[in-house]
Structure formats: structure tokens, C-alpha cells
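Undergrad: Starting off with a structure, shown below.
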Amino acid sequence: IDEVLVPFLRNTGPSLSPFHAWVFLKGLETLEIRVEAMGRNAARIADHLAHRGLRTLYPGRKDHPQHALAMRQLRGGGSIITFFIPGGRDRAFDFMNALELIDISNNIGDSRSLVTHPASTTHQGLSEAARAELGITEGMLRLSVGLEDAGDLTADLDQALARIGI
């Protein structure tokens, strides 16, 4: 049984209870609306960060190196923004710790906005040289934009930038 059941469960996952299946289906009803709202927020925030003078990478911006490809393949720029805090890891950590609305996490795609420091989380297992080759610097942050009001999010980013002198 283990030879058949274990691979099956690994590949298909466990069955949902009727209640959890219902909750999942209810969430699917509004998925498109939520994803579009998160993308609109991200586009506004990416523009705001870029206008603040921070190096900002967002596929929805025309200055992104793969903007044309993203616009051919996607319906928008998505909800993930990469931006760079000058001054390295300590200053990036100070910035993240100064945020009041945006949470620190290495998770993405939540309905709440989250920020992560890839060099010390998702890519910490890579050598410094490998991270450098990928463009992952100590000042690089990734922001997963949620459903909060974009004005509230930009205000939070602005106050955190001000607290670190940017």
C-alpha cells in the first residue's frame, strides 16, 4: 500500500474536507478581483518608490528590462516589487524594522503587504558570489503588495524611509 499511496498523496495532496473545499471555492470567486487590486496597488507603489529615487524593479514599469515580455505574457505587472535601500544590510534591516503597516516575512502573495530581505532569507543558502551574479544585494528588498489602501502603504514606506534618512 505504501508504494502506491505515498507517491499518490505526495503528488496529489490530501483531500479537503467539505467545509474547507467550500471556503476554497468562496475564495476563488473573488480571486481575480483581489489579484487585480493588488496589481494596481503595486504599480502605484513602484512608481512612488522610483520617484523617490530608489532603484525599483517592477515588470509593469516601462523601465523594467523585461517589461515588453511581461506585457505580452501577463495582464499586468503583478504584485511583487523589488527595490534597493542604499547602505547595505543594516540599513535595509533598519528600514524594515521602521515599517508600521507592512509586515516582515519571507512569504509572498498574502492579502496583507509583506516585505522580505532575500539575501538573508530566500537566497541565504547561496554564496555571496552567486547572489551577486543574480543581482541580489544586501540592500535589496522584495515587497509583496496586498489589498491595503495604496496611500496608506506609500505613507508607511515614506515614514520608514525618513526614519533611515532617505
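Numbered according to the numbering used here, the sequence shown spans residues 24 to 189. Virtual Cβ for every residue (Gly too), placed ideally from N, Cα, C.
With a threshold of 8 angstroms between beta-carbons, can I56 be considered close to chain B, or not?
TA: In summary, chain B is missing from the structure at hand, where a single protein chain is found.
Undergrad: Check for me: the alpha helix (DSSP H) holding V46 runs from which residue to which?
TA: V46 -> alpha helix (DSSP H) spans P41 to E52.
Undergrad: Quick one, which of S134, R84 and I187 has its alpha-carbon nearest I56's?
TA: That would be S134, whose Cα lies nearest to the Cα of I56.
Undergrad: Let me know the secondary structure DSSP gives V138 once reduced to three states.
TA: Reduced to three states, the DSSP call for V138 is strand.
Undergrad: State buried or exposed for E161, treating a residue as buried only when at least 16 other CB atoms are found within 10 Å of its CB.
TA: Buried.
Undergrad: Is the separation between the beta-carbon of E123 and that of D172 shorter than 8 angstroms?
TA: No, the Cβ-Cβ distance between E123 and D172 is not below 8 angstroms.
Undergrad: S136 and I127 - do their beta-carbons sit closer together than 8 angstroms?
TA: It is not a contact, given that the beta carbons lie outside the stated cut-off.
Undergrad: Who are the near neighbours of L263 in its chain, counting only those whose CB is closer than 8 angstroms to its CB and skipping five residues on each side?
TA: The shown model of the chain, from 24 to 189, leaves out residue 263, and the question about it has no answer.
Undergrad: Could you tell me the alpha carbon to alpha carbon distance between D117 and I24, rounded to whole angstroms?
TA: Roughly 53 angstroms separates the two Cα atoms.
Undergrad: Could you have a look at I56 and say whether DSSP puts it in helix, strand or coil?
TA: Helix at I56.
Undergrad: How many whole angstroms separate the CB atoms of I68 and V168, which I take to be in contact at a CB cut-off of 8 angstroms?
TA: That pair is a contact at about 6 angstroms.
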